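Peer 1: Handing you this structure, nothing more for now.
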Amino acid sequence: MLNIALSGCNGRMGRVITEIVAGKPEMRIVAGFDVNAVRLADYPVYADPSACTEQIDVVIDFSNASAVDALLAFCLTRRVPAVICTTGLSTEQLAAIDAASKEIPLFRSGNMSLGINLMMDLLRKCASVLGADYDVEIVEAHHNQKLDAPSGTALMLADAVSEALPYEPEYVYDRHERREKRPAHEIGMHSIRGGTIVGEHSVLFCGRDEVIEVKHSALSRDVFASGAVNAAVFLAGQTQPGLYNMSHVIASMK
Ligand SMILES: NC(=O)c1ccc[n+]([C@@H]2O[C@H](COP(=O)([O-])OP(=O)(O)OC[C@H]3O[C@@H](n4cnc5c(N)ncnc54)[C@H](O)[C@@H]3O)[C@@H](O)[C@H]2O)c1
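Set out below in structure tokens:
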């Protein structure tokens, strides 16, 4: 039996994870962490992870950047691996995750869907073939409750493109104050926020007389939740500390 602690358990993603885990006899949620410490399901909810005394095999985190420092401290003290899905983390937090992964297994991905991770491979291929002759622009759309922009996924996609480009691109998030032609070596990122859009990402390679668009649409939160649960099973099976991501899970599925 896999014992899971769910950070951000009362949020949108937390509730989907709770439903998915309830349908799996081989795992259960034994504790929830949430600043809104209301018990909504059949597990206790703690505002402060350090108050939790349950035995935990792995943590799944879909909360808020402000929760991640305390969560990481908890995981280090208790030697518990964690799947960190929260986005909008600061450079310092990313460095802290890196450092902690030298001591415990950690998993971090700005997007837990299989499709986005496949899309990253396609983008590397596009960038390496199309190279410097095509301008790269990324357009992402999410629901009106999302806190960070651009999305963590848009940044992941930009990083995948950058890895394969023959130049180091500058990420540009806003052009409204600039009065100049588009410089060649940049990746423009544009965020749409509205309604209940789950997550749309388009990467455009715009060349002379042609545009190649690679697009992913998430139609429900289940794709991220299922990916996180699969990642938790994978991570709980890791005996070595390290920083894991979806590419490790995909490799383990082959
Ligand atoms: N990696 C992915 O695939 C993926 C997919 C979807 C969402 N996300 C990210 O997951 C996070 C949560 O998304 P959501 O849509 O469920 O958000 P949400 O706002 O619906 O839920 C967040 C939950 O965290 C709790 N919380 C906020 N601050 C906290 C704190 N300081 N300590 C403890 N709990 C706190 C809130 O009370 C809430 O219940 C966001 O960062 C989002 O961008 C990642």
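Per the numbering used here, the very first residue in the sequence shown carries number 80; after that it's consecutive.
Even for Gly, the Cβ is constructed at its ideal location relative to N, Cα and C.
None of the values given here were measured: they were computed from a predicted structure.
1) Within 8 Å, do at least three Cβ pairs link the region 242-251 to the region 261-269?
2) Closer than 7 Å to a non-hydrogen atom of ligand 1 - does that hold for the CB of Met92?
3) Closest to Ala146 by C-alpha separation, out of Arg107, Gly87 and Asn82, would be which residue?
4) Please report the Cβ distance between Ala110 and Glu133, rounded to the nearest whole angstrom; I am assuming they are in contact, meaning their Cβ atoms lie under 8 Å.
5) Buried or exposed: His221, going by 16 or more other Cβ atoms within 10 Å of its Cβ?
6) Determine the direct distance from the alpha carbon of Glu259 to that of Ser305, and round the result to whole angstroms.
7) Is any non-hydrogen atom of ligand 1 found closer than 7 Å to the C-beta of Phe186, if you look at the structure I gave you?
8) Looking only at DSSP bridge pairs, what is Ala110 linked to?
9) Determine the DSSP secondary structure at Glu171, reduced to helix, strand or coil.
10) With C-beta atoms as the reference, is Leu322 less than 8 Å away from Arg187?
11) Should the region 308-318 be called in touch with the region 209-221, which here means at least 3 C-beta pairs below 8 Å?
12) Using only the heavy atoms of ligand 1, determine whether one of them is closer than 7 Å to the beta carbon of Ser145.
13) Short of 7 Å in beta carbon distance, which residues of its chain neighbour Ala237, apart from the five on each side in sequence? Order them along the chain.
Peer 2: Looking at the coordinates:
1) yes
2) yes
3) Gly87
4) 5 Å
5) buried
6) 44 Å
7) no
8) Ala84
9) helix
10) yes
11) no
12) yes
13) Ile217, Tyr250, Ile266 and Met268
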